[in-house]
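Below is one structure, written out as structure tokens, with a few remarks after it.
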Amino acid sequence: MAHTATKVLTAHVPLPLAEKVDQMATRLERSRGWIMKQALSAWIDQEEERSRLTREALADVDVGSVIDHQAVQAWANSLGTESPLPVPH
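Numbering-wise (the working numbering), the sequence shown opens with residue 6 and increments by one.
As structure tokens, this is what we get:
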């Protein structure tokens, strides 16, 4: 198995957070470092997805593929009434 090059990152975290990391490490029988890597990887994945979705939304705006705000507001206001409007497209 090939080893991946690593780099030590240092962060000061509040004691309650550090204690939660230690509790998770104990519960999962993993190292503190493993927990930190999992958490950091998950956060990076989340931020990359958020960035991708933002870029897609901006591209939709650029090509005019957007729903008029007033149409959405009218639809939202119609919900719960006797004659709700169809979802705007």
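Glycine residues also receive a C-beta, built at the ideal position from the N, C-alpha and C atoms.
How far does the alpha helix (DSSP H) with residue i in it reach, from first residue to last?
i, result
"Val46", "Sequence inspection shows Ser at residue 46; the Val mentioned does not correspond to that position. Its alpha helix (DSSP H) spans residues Arg37 to Asp67."
"Leu22", "Leu20 to Leu33"
Indicate the three-state DSSP secondary structure (helix, strand or coil) for residue i in the structure shown.
i, result
"His8", "coil"
"Asp73", "coil"
"Ala16", "coil"
"Ser83", "helix"
Would you call residue i buried or exposed, if buried means 16 or more other Cβ atoms sit within 10 Å of its Cβ?
i, result
"Ile40", "buried"
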